[in-house]
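Reading through the C-alpha cells given below for one structure.
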Amino acid sequence: MKREEIFQYVKEQYGTEPEYLWKKDPDSAVLRHKNGKWYAIIMAVEKKTLGLEEDGKINILDVKCDPDLVGMLIQTYGFLPGYHMNKRHWITILLDESVSEAKTLDFLDMSYDLTESSKSPASISQNNKQ
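Numbered per numbering that gives the first Met the number 0, the sequence shown spans residues 0 to 129.
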C-alpha cells in the first residue's frame with residue numbers, strides 16, 4: 000500500500016490529515032486522532048536500520064496494536080517491532096506490498112480504536128462482544 004492511499008483512506012474514514020512535524024525528516028507524517036493522540040506514523044527509513052539486508056529506504060507505517068498480537072505478528076514478514084515506539088504496544092508494517100491492503104487497513108483501524116480514548120485492548124474486545 001502506498002502512503003498516498005493511506006492518507007486518502009484516513010481522510011475519508013476519520014477526517015485526518017497528515018501532519019509533518021520534523022524539519023529534519025520532512026517526509027515523515029503523523030496521523031493524529033481528534034483527541035490529540037497519535038494513531039499512526041508514516042516514515043521512510045533506511046532498510047538496514049530495520050535489520051533488512053538491502054540498501055536504500057523503505058516506507059513504513061507504525062500503528063498501535065493489541066499487545067497480545069505483537070509477538071505473533073513480528074514473526075511474520077512485513078511486520079516488525081514498532082520503530083522508535085514502544086515495542087510492546089506498537090508494530091511497524093512495511094509498505095512494500097508484503098502486507099495486503101486489507102490487513103494494513105485493519106491494523107490502521109485497530110490503532111485508531113485503541114487511541115480513541117484511554118480504552119485498553121481488553122475493554123475494546125469487551126465492547127465488540129456486546
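Here a beta-carbon is modelled for each residue, glycine too, at the ideal position from N, C-alpha and C.
Q. Cβ of M71 less than 8 Å from any chain E Cβ?
A. You won't find chain E in this structure, because it holds only one protein chain.
Q: Kindly indicate the opening and closing residues of the beta strand (DSSP E) around L60.
A: Residue numbering aside, residue 60 sits at position 61 when the sequence shown is read from its first letter. Under the DSSP assignment, L60 falls in the beta strand (DSSP E) whose first and last residues are 56 to 63.
Q: For P25, count neighbouring Cβ atoms within 10 angstroms of its own Cβ and tell me buried if that reaches 16, exposed if not.
A: Stepping through the sequence shown from its first residue, residue 25 is reached at position 26. Around the Cβ of P25, a 10 Å sphere holds fewer than 16 other Cβ atoms; the residue is exposed.
Q. Considering only the beta carbon of each residue, do I57 and V69 sit closer than 8 Å?
A. Start at 1 with the first residue of the sequence shown, and residue 57 comes out as number 58. Start at 1 with the first residue of the sequence shown, and residue 69 comes out as number 70. Their beta carbons are not under 8 Å apart, which means I57 does not touch V69 by this criterion.
Q) Do you know whose CA, among V9, P66, M42, lies nearest K33's CA? A) Within the sequence shown, numbered from 1, the residue matching residue 33 stands at position 34. When each option's Cα is compared against that of K33, the closest is V9.
**Q.** Segments assigned alpha helix (DSSP H), at least 4 residues, entirely inside the stretch 0 to 86
**A.** Runs of alpha helix (DSSP H) with 4 or more residues, each lying fully within the stretch 0 to 86, are found at 2 to 13, 66 to 72, listed in chain order.
Q: Flag this pair as yes or no: are the beta carbons of F82 and L30 separated by less than 8 Å?
A: For the purposes of this step, residue 82 is taken as the residue at position 83 of the sequence shown. For the purposes of this step, residue 30 is taken as the residue at position 31 of the sequence shown. One point to set straight first is that residue 82 is Tyr, not Phe, in the sequence displayed. 8 Å or more divides the Cβ of Y82 from the Cβ of L30.
Q | Alpha-carbon to alpha-carbon, I5 and E52 | A | In the sequence shown, the residue the question calls residue 52 occupies position 53. In the sequence shown, the residue the question calls residue 5 occupies position 6. The straight-line gap separating the alpha-carbon atoms of E52 and I5 is approximately 26 Å.
Q: Would you list the residues sitting across from L93 in a DSSP beta bridge?
A: What you label residue 93 is simply residue 94 of the sequence shown in a count that begins at 1. L93 is bridged to I59.
**Q.** For D67 and P17, the rounded distance between their alpha carbons
**A.** Translated into positions along the sequence shown, residue 17 becomes position 18. Translated into positions along the sequence shown, residue 67 becomes position 68. If you take the alpha carbons of P17 and D67, they lie about 28 Å apart.
Q) Can you list, in chain order, the residues of its chain whose CB lies under 7 Å from that of K63, leaving out five sequence neighbours each side? A) Numbered from its first residue, the sequence shown carries residue 63 at position 64. Contacts found: Y38, H88, W89, S110, L113, T114.
Q: Go ahead and pull the three-state DSSP assignment for T114.
A: Within the sequence shown, numbered from 1, the residue matching residue 114 stands at position 115. Three-state result, T114: coil.
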